[in-house]
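Under the working numbering, the first residue of the sequence shown carries the number 2, and numbering increases by one thereafter. C-beta: ideal position from N, C-alpha, C; glycine also.
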Amino acid sequence: MKNLKFTTLFYILFTTTIQAQDSENINLLYQWSVDTLIGSEAFENVYNEVWGVVVDDREYAIIGSTAGTHFFDVTNPSTASEIAFVAGRVVGDEIIHRDYHDYQNYLYAVSDEGLSSLQIIDISTLPDSVSVVYDSSNLFYRSHNIFIDTAKARLYTTNGDIYTLENPIDPKFLYNTSLLSSHDVYVENDTAYINTGTLGFVIVDFSQTTLENQSHEVIGALPTYPDQGYNHSGWITTDGNYYAMADETWGMRMKMLDISDFSNIEVVALFGSGVDENSIPHNQIINGNYLYTAYYHDGFYVHDISDPFTPILIGYYDTFEPDHHESYMGAWGVYPFLPSGNILISDMQTGLYLFEVNYDNPLGTDVLVNNKNAIYPNPCSDVLNLNLTNKSQVNLYDIQGNKVFNASDVYNIQLNTNFLSNGIYILKLTDETGVSTHKISVQ
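Rendered as structure tokens:
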């Protein structure tokens, strides 16, 4: 495949933006959507967050819509189906967001539009039924996101409040702080990792917070960082030393943060989908050595982060084929904790997905971090993707020093390497900050 001669030098060798592919290493097991639900007035999204639960060794998927909360038995993907539904307090085209978390056989559901409520749903009788045991706006009526610190039985909202769940169906107010008036939060053993939106990333210790001691301690912060936009969401690694973070801003890449020293948090890797210069990551969750990301227009992405400095792209599946990168459409949420290993994805337009991931044949080194530039996969066989922060001059040389490709004033390109012989090549990038070189292996 690689022994063709260069009689026509780089016959349309690159495109200015990377074209979305259907899928690699991801198998579709089940998909659901319906035509009878209406989309939101703002973004035309019918669906929003996805969650998963296990009851009596059976696996269930949960997805939000403009109508409410839908439950599916996905234990056997070939017979998966919707088995229950709970209407939201507010329904219709004003609904954009719903969010979920479970605790002790109860599902906690919120929305961020209208005069909504906190709903607590008993899921212990699945698959036969679910029942709403609490539906009230007395504590709060809206929250963009929620997170339950199950080890401490505390419910965190992104409208600033913390509630105790000593009685799971009767939450009690504990504390309020403006730091939690944020976009999203991950909490583990009283330590909250907060995605503040416009103020960067903050880590807060709530271990001493009680009704009597209305206080907290900020123990870490990253107010500025490369590729900064609207600090949206993140998830911590199992060892607690790294944090995967996304900025919900067109063209901003994912970040891996070293948080092993709260006083010296730093970005150690930048990586993206490589599909479009306006690609946006949305929500991500880490399970073991893998990062699972709902990447809006680009679909579902999986990375091996066993080495947080060099994430490896495992696979992807495009859940939203139209090219609408100027808006907010596509994959919204991800849930990777089902015992079967199957992965749940929600897409704003196309509904619920159940996937199986093939981890055995990774697509290559997803990122070579040169402070800002992303170059992948490496080794490569068919294409080499370049996501460059600055407008750059790109030159590629073979091992004898012959220039085999060049391009000027580019940010994102995709080199068709089918025309290259197998071997080592040198990639030279020149921009306003200087010159960098990278060894590229074509196989």
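Short check: CB of Tyr-164 to CB of Ala-193, under 9 Å? It is not a contact, given that the beta carbons lie outside the stated cut-off.
Select from Asp-305, Asp-248 and Leu-200 the residue whose C-alpha is nearest the C-alpha of Ile-364. The residue you asked about is not Ile; residue 364 is Leu in the sequence shown. Per the Cα distances, Asp-305.
Mind the definition here: the region 415-433 touches the region 392-400 only if three or more C-beta pairs lie below 8 Å; say whether that holds. Two segments are said to touch when three or more pairs of C-beta atoms, one from each, lie closer than 8 Å; by this definition the region 415-433 touches the region 392-400.
Does Gly-289 pass the burial test, meaning 16 or more other C-beta atoms within 10 Å, or should it be called exposed? In summary, Gly-289 is exposed, with fewer than 16 beta-carbon neighbours lying within 10 Å of its beta-carbon over all protein chains present.
Among Asp-36, Gln-444, His-102 and Tyr-142, which one has its Cα closest to the Cα of Ile-63? The residue with the shortest Cα to Cα distance from Ile-63 is His-102.
Evaluate Val-436 with the Cβ neighbour count: other Cβ atoms within 10 Å of its Cβ, from every protein chain shown; 16 or more gives buried, anything less gives exposed. By the 10 Å Cβ count, Val-436 comes out exposed.
Going by the CB atoms, is the gap between Tyr-302 and Ser-274 shorter than 9 Å? Tyr-302 is positioned such that its CB atom lies closer than 9 Å to that of Ser-274.
DSSP on Ile-427, reduced to helix/strand/coil? Shown here, Ile-427 sits in a strand according to DSSP, grouped into three states.
In angstroms with no decimal places, state the Cα-to-Cα distance between Ala-154 and Met-330. Their backbone Cα atoms lie some 34 Å apart in a straight line.
Hey, would you say Tyr-176 sits closer than 9 Å to Asp-185, going by beta carbons? No, Cβ-Cβ distance for Tyr-176 and Asp-185 is not below 9 Å.
Mind checking which residues open and close the beta strand (DSSP E) that includes Ala-193? Boundaries of the beta strand (DSSP E) harbouring Ala-193: 192-196, taken from the DSSP string.
Using 10 angstroms around the beta-carbon of Gln-444, count the other beta-carbons present and answer buried if the total reaches 16, otherwise exposed. When all chains shown are included, Gln-444 counts as exposed.
Cβ of Tyr-109 within 9 Å of Cβ of Ile-149? Cβ distance < 9 Å, so Tyr-109 and Ile-149 count as in contact.
Cα-Cα separation between Asn-77 and Leu-385, rounded to whole angstroms: Spanning the alpha carbons of Asn-77 and Leu-385 requires a straight line of approximately 38 Å.
Go through its chain and collect everything with a Cβ distance to Val-269's Cβ below 8 Å, but skip five positions before and after it. Contacts found: Tyr-243, Met-257, Leu-258, Asp-259, Pro-309, Phe-310 and Val-370.
If contacts are defined as beta-carbon pairs under 8 Å, then Phe-356 and Asn-343 qualify, I think. What distance do you get, rounded to the angstrom? Their Cβ separation, rounded to whole angstroms, is 7 Å, which keeps Phe-356 and Asn-343 in contact under 8 Å.
Tell me whether Asn-4 is buried or exposed, calling it buried when 16 or more other Cβ atoms sit within 10 Å of its Cβ. For Asn-4, the predicted model reports a pLDDT of 33, less than 50, meaning its position is unreliable; a value from the coordinates is still stated below. When all chains shown are included, Asn-4 counts as exposed.
Buried or exposed by the 16-neighbour rule on C-beta atoms within 10 Å, applied to Ala-152: Residue environment analysis places Ala-152 among the exposed positions, since fewer than 16 neighbouring C-beta atoms fall within 10 angstroms of its C-beta.
Quick check on Leu-223: does DSSP put it in helix, strand or coil? Residue state, collapsed to three classes: strand.
When we look at the beta-carbon of Thr-225 and count the other beta-carbons within 10 Å, is it buried (16 or more) or exposed? If you draw a 10 Å sphere on the C-beta of Thr-225, you find fewer than 16 other C-beta atoms in it, and that means exposed.
Put Leu-180 into one of helix, strand or coil per three-state DSSP. Here DSSP, grouped into helix, strand and coil, assigns Leu-180 to helix.
Which term fits Asp-299, buried or exposed, when burial requires 16 or more other beta carbons within 10 angstroms of its beta carbon? With 16 or more neighbouring CB atoms inside 10 Å of its own CB, Asp-299 falls in the buried class.
Own chain partners of Glu-218 with C-beta closer than 6 Å, once the 5 adjacent residues on each side are dropped: Its chain contains Asp-206 as the residues whose beta carbon lies nearer than 6 Å to that of Glu-218, once the 5 sequence neighbours on both sides are disregarded; these appear in chain order.
Taking all protein chains shown into account, decide if Val-360 is buried (16 or more other Cβ within 10 angstroms of its Cβ) or exposed. The sequence given here has Tyr at residue 360, not Val. Exposure of Tyr-360 is indicated by the presence of fewer than 16 other C-beta atoms within 10 angstroms of its C-beta.
Between the region 89-102 and the region 42-59, are three or more C-beta pairs nearer than 8 Å? Result yes; three or more Cβ-Cβ pairs closer than 8 Å.
Distance, Leu-314 Cα to Val-368 Cα: Reliability of the predicted coordinates at Val-368 is poor, the pLDDT of 44 falling under 50, and the value obtained from them is presented with this limitation in mind. One C-alpha to the other measures close to 9 Å.
What is the DSSP secondary structure of Thr-70, counted as helix, strand or coil? In the three-state reduction of the DSSP assignment, Thr-70 falls in the strand class, which pools E and B.
For a minimum of 4 consecutive residues, which ranges assigned as the alpha helix (DSSP H) are wholly contained in the region 114-174? Segments of the alpha helix (DSSP H) lying fully in the region 114-174: there are none.
Hey, Ile-414 and Leu-387 are a contact pair by Cβ (cut 8 Å); roughly how many whole angstroms apart? That belief holds up - the Cβ atoms of Ile-414 and Leu-387 are roughly 5 Å apart, short of 8 Å.
For Glu-114, does the count of other Cβ atoms within 10 angstroms reach 16, so buried, or fall short, so exposed? Looking at its Cβ environment, which holds 16 or more other Cβ atoms inside 10 Å, Glu-114 is buried.
By DSSP's criteria, Gly-65 is part of a beta bridge. Which residues make up the other side? Bridge partners of Gly-65: Thr-70.
Ile-287 beta carbon less than 9 Å from that of Thr-239: Between Thr-239 and Ile-287, the C-beta spacing is below 9 Å.
With DSSP as the reference, label Ser-112 as helix, strand or coil. Ser-112 falls in the strand class under three-state DSSP.
Cβ pair Ala-295, Trp-333 closer than 9 Å: Contact flag set, yes.
Pick helix, strand or coil for Thr-294, following the three-state DSSP scheme. Three-state result, Thr-294: strand.
Which residue wins for smallest C-alpha separation from Phe-73, given the options Asp-129, Thr-418, Val-91 and Ala-43? Of the candidates Asp-129, Thr-418, Val-91 and Ala-43, the one whose C-alpha sits nearest the C-alpha of Phe-73 is Asp-129.
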